[in-house]
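Residue numbers (the numbering used here), protein chains in the order written: chain A, 4 to 267; chain B, 63 to 285.
Ideal placement from N, C-alpha and C gives every residue a C-beta, glycine not left out.
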Amino acid sequence: MEKKQDGNEKKVHYVGDSRVRRDGKKLQPKDYSEFPGKTDPFFPNYLLKEWMVAAVFLVGFMALVLTQAPPLGDLADPTNTDFLPVPDWYFLFLYQLLKFEWAAGKFVVIGTLVIPGIVFTALLLAPWLDRSPERRPTRRPIASGLMILALIAITALTWTAQDEYKKNLAERGGGQEGGEDVELVAEDDPGYEIYKANQTCLSCHGEQLQGGAAGPSLLGVGGRLSAEEIENVINNGRGAMPAGAFQGTEEEKQKLIEWLAKQK
Amino acid sequence: MIRKMYDWLDQRLDITPIWRDVADHEVPEHVNPAHHFSAFIYCFGGLTFFVIVIQFLSGMFLSLYYVPDIKHAHASVEYLQNEIAFGSIVRGMHHWGASVAIVMLFLHTLRVFFTGAYKHPREFNWVVGMLLFFVVLGLGFTGYLLPWDNKAYFATKVGIEIAASVPFVGEHIATFLQGGDMVGATTLTRFFALHVFFLPGALLALLGAHFILIRRQGISGPL
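In structure tokens:
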């Protein structure tokens with residue numbers, strides 16, 4: 004920054020109107036003129052270019068916001084013993100870790116403290132653990148390798164957690180997805196007429212697909228099962244449901260399946 | 063007119079050096095997406111900040127209607143989402159923005175890690191960045207409870223049970239988070255306070271430190 008004034012090692016560094024003695028070496032960044040190639044002033048040239056990237060990002064983000072309404076479930080009911088708890092997706096891997104036998108029960112400390120503690124401390128101290136001046140990821144295989152391993156582990160754990168959650172939900176015969184309000188859709192579809200005309204469907208799954216003592220709710224069933232899977236359940240039964248429960252013609256059955264697949 | 067106002071201020075406060083310092087530094091070619099398309103990975107940090115600004119703004123508007131008590135929380139969210147003009151869009155931005163912020167933050171962290179940008183002499187900025195990551199995760203955890211639906215309630219209950227299983231301090235952490243010995247009315251007000259006052263305050267302070275450090279130290283050179 005400032006030039007050495009005489010042969011003296013001690014310099015004076017002016018900050019506002021205060022003089023600060025400068026001893027020892029400071030690690031100031033190199034001047035941008037020392038970078039090769041074309042530089043841009045931050046404002047407005049570079050900021051405008053970065054804003055181009057942000058505009059593309061914003062379009063994608065608003066498309067997500069406008070097409071997907073934010074979910075809101077039923078009012079919290081602490082007496083509900085039947086609810087499958089699930090954290091937000093970015094905590095799923097931690098949650099799944101606690102399901103390993105060696106990280107649960109009396110070893111739960113391993114899952115809650117030891118493993119996350121080691122991983123997060125290592126991350127926090129990464130600059131002191133990985134001290135070589137080498138910056139290319141391929142030239143520091145240990146650091147890159149560990150990070151890639153961690154990424155694979157997080158992805159696998161999140162995936163398993165999501166998968167188990169979906170299976171558990173399906174095992175309870177569906178129920179309402181996450182206890183959220185799923186409404187009956189396409190009420191004027193011919194499939195609904197066929198459904199209402201079939202006493203075998205109605206008596207267990209209810210007039211509004213709300214389910215009952217003998218059969219689970221089918222609200223939102225199209226979000227859980229594909230049309231083929233629905234057909235399979237109708238033909239072969241499942242749990243307490245007998246095979247061949249549907250009494251109508253093949254054509255009616257296809258319309259019914261089409262309508263059920265719309266229930267999302 | 064604007065020139066005159068600027069000069070009036072500048073005569074008294076000497077703001078030109080401050081403005082120059084913020085605006086007038088050169089940005090090198092290797093991080094500029096206009097010169098190298100692959101340099102968009104250097105935009106992840108800026109985009110994370112952009113999402114955080116979206117979170118601040120949408121959160122401020124949500125707080126116009128949201129009521130942090132167990133009788134009205136759920137109803138107020140339902141009302142602002144279904145009855146207020148653009149309510150579902152504002153809540154949608156806040157809800158999805160939370161996930162997108164985590165994703166962008168994650169990508170930014172990976173970019174810094176794999177380009178070795180955290181190395182000497184920028185160690186401290188990496189530490190500040192990791193603290194920012196924890197604060198954002200904390201915002202995610204506390205914000206998840208606020209709609210007070212079943213999903214929120216039971217996820218928080220499980221989360222606090224996990225925290226309580228930590229030896230020695232676990233019980234204290236659980237009591238602190240719950241504001242008592244169960245997830246209930248005090249937990250909601252507590253999470254609300256953490257979510258809108260404590261954690262955003264910490265977030266702003268850390269963000270300020272993050273930006274000052276990157277200005278002081280400059281960004282790292284090309285690989």
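Determine which residues share a DSSP beta bridge with residue i and list them.
i: A/S21; result: A/V18
i: A/P44; result: B/E88
i: A/R241; result: A/M244
i: B/D286; result: Past the edges of chain B, shown from 63 to 285, lies residue 286 of chain B, and the structure says nothing about it.
If you compare alpha carbons, which of the options is closest to residue i?
i: A/Q257; options: A/C207, A/Y198 and A/L212; result: A/Y198
i: B/V174; options: A/A129, A/A173, A/L78 and A/A57; result: A/A129
i: B/F102; options: A/E104, A/W131, A/W54 and A/D34; result: A/W54
i: A/D85; options: B/K133, B/V197, B/N212 and B/G242; result: B/N212
i: B/W206; options: A/S206, A/G76 and A/A164; result: Here the sequence assigns Tyr to residue 206 of chain B, which means Trp is not the residue at that position. Looking at the Cα atoms, A/G76 is the closest of the given residues.
i: A/L78; options: B/P90, B/F176, B/M192 and B/P209; result: B/P209
i: A/I260; options: A/V68, A/R241, A/D192 and A/C207; result: A/D192
i: A/T158; options: A/G225, A/D34 and A/W92; result: A/W92
i: A/L212; options: A/I121, A/K33 and A/L263; result: A/L263
i: A/T82; options: B/V84, B/V245 and B/L126; result: B/V245
i: A/P245; options: A/G194, A/N235 and A/D26; result: A/N235
i: A/A72; options: B/V139, B/H257, B/A255 and B/H272; result: B/V139
i: B/R153; options: B/F195, B/A163, B/L142 and B/S161; result: B/L142
i: B/R278; options: B/A267, B/L261 and B/P183; result: B/P183
i: B/I222; options: B/R82, B/F123, B/V231 and B/Q240; result: B/Q240
i: A/N48; options: B/H272, B/E88, B/K181 and B/L124; result: B/E88
i: A/E253; options: A/K265, A/Q266 and A/N238; result: A/N238
i: A/D166; options: A/A189, A/L95 and A/F123; result: A/L95
i: A/C204; options: A/Q250, A/R175 and A/E231; result: A/Q250
i: B/G283; options: A/G40, A/K29 and A/R227; result: A/G40
So which residues of chain C does residue i contact, with C-beta pairs closer than 7 angstroms?
i: B/M155; result: The question asks about chain C, but that chain is absent: this structure's protein chains are A and B.
Short of 8 angstroms in beta carbon distance, which residues of its chain neighbour residue i, apart from the five on each side in sequence? Order them along the chain.
i: B/N144; result: S150
i: B/G159; result: V113, I116, Q117 and S120
i: B/T237; result: D243
i: B/F111; result: L269
i: B/L199; result: I164
i: A/G10; result: In this prediction, A/G10 has a pLDDT of 49, which is less than 50 and means its spatial position is unreliable; what the coordinates show is noted afterwards. Taken in chain order, the list of residues that qualify is empty.
So what does DSSP say about residue i, is it helix, strand or coil?
i: B/L75; result: helix
i: A/G251; result: coil
i: A/R280; result: Residue coverage of chain A in this structure runs from 4 to 267, which leaves residue 280 of chain A outside it and unanswerable.
i: B/M67; result: helix
i: B/V228; result: coil
i: B/F195; result: helix
i: A/R175; result: coil
i: B/S125; result: coil
i: B/H257; result: helix
i: B/P183; result: coil
i: A/D191; result: coil
i: A/E183; result: Note that A/E183 has pLDDT 48, beneath the 50 cutoff, so the model's placement of it is unreliable and the number below is only indicative. A/E183 falls in the strand class under three-state DSSP.
i: B/T204; result: helix
i: A/A72; result: coil
i: B/L285; result: coil
i: A/K33; result: coil
i: B/A147; result: coil
i: A/P119; result: helix
i: A/E231; result: helix
i: A/A107; result: coil
i: A/E137; result: coil
i: A/S220; result: coil
i: A/D9; result: Here A/D9 scores only 48 on pLDDT, less than 50, and its place in the model should not be relied on; the value that follows carries that caveat. Correct three-state label for A/D9: coil.
i: A/M4; result: In this prediction, A/M4 scores a pLDDT of 44, lower than 50, which makes its location untrustworthy; the coordinate-derived value is nonetheless stated afterwards. The answer is coil: DSSP assigns A/M4 none of H, G, I, E or B.
i: A/T84; result: coil
Leaving out five residues before and five after residue i in sequence, what residues of the same chain have Cβ atoms less than 6 angstroms from its Cβ?
i: B/I235; result: A225
i: A/Y168; result: V89
i: B/A247; result: I132
i: A/Q99; result: L160, T163 and A164
i: B/Y104; result: V93
i: B/L169; result: F106
What do you reckon, is the C-beta of residue i under 7 angstroms from a heavy atom of the ligand MG?
i: A/Q257; result: With respect to the ligand MG, the structure shown offers nothing to examine, as it has no ligands at all.
For residue i, which residues in the same chain have their Cβ closer than 7 angstroms to its Cβ, ignoring the five residues on either side in sequence?
i: A/Q179; result: The predicted model places A/Q179 with a pLDDT of 46, which falls under 50 and marks its position as unreliable, so this point remains unresolved.
i: A/P140; result: S147
i: B/M155; result: I116 and S120
Tell me which residues of the segment 171-185 of chain B have at least one Cβ-Cβ distance to chain A shorter than 9 angstroms, keeping chain order. T171, L172, F175, F176, T177, G178, A179, Y180, K181, H182, P183, R184 and E185
Where the segment 213-224 of chain B meets chain A: residues whose CB sits under 8 angstroms from a CB there = K213, A214, Y215, F216, A217, K219, V220, G221 and I224
Residues of the segment 110-141 of chain A with Cβ closer than 9 angstroms to any Cβ of chain B, in chain order: V111, V112, G114, T115, L116, F123, L126, L127, L128, A129, P130, W131, D133, R134, S135, P136, E137, R138, R139 and P140
Q. Which of the residues in the segment 97-128 of chain B, read from start to end, lie with their CB under 7 angstroms from any CB of chain A?
A. Flagged, chain order: H97, F102, C105, G108, L109 and F112.
Chain-ordered residues of the segment 65-86 of chain B with a beta carbon less than 8 angstroms from chain A: V84, A85 and D86
Check: Using Cβ-Cβ distances below 7 angstroms, what residues of the segment 264-285 of chain B are close to chain A?
Finding: Taking 7 angstroms as the Cβ-Cβ cut-off against chain A, the residues of the segment 264-285 of chain B that qualify are Q279, G280, G283 and L285.
| said: Which residues of the segment 85-111 of chain A have a Cβ closer than 9 angstroms to any Cβ of chain B? Give them in chain order. | reply: F86, L87, P88, V89, P90, D91, W92, Y93, F94, L97, Y98, L101 and V111
(Q) For the segment 226-255 of chain B, list every residue whose C-beta sits within 7 angstroms of some C-beta in chain A, in sequence order. (A) S227, V228 and P229
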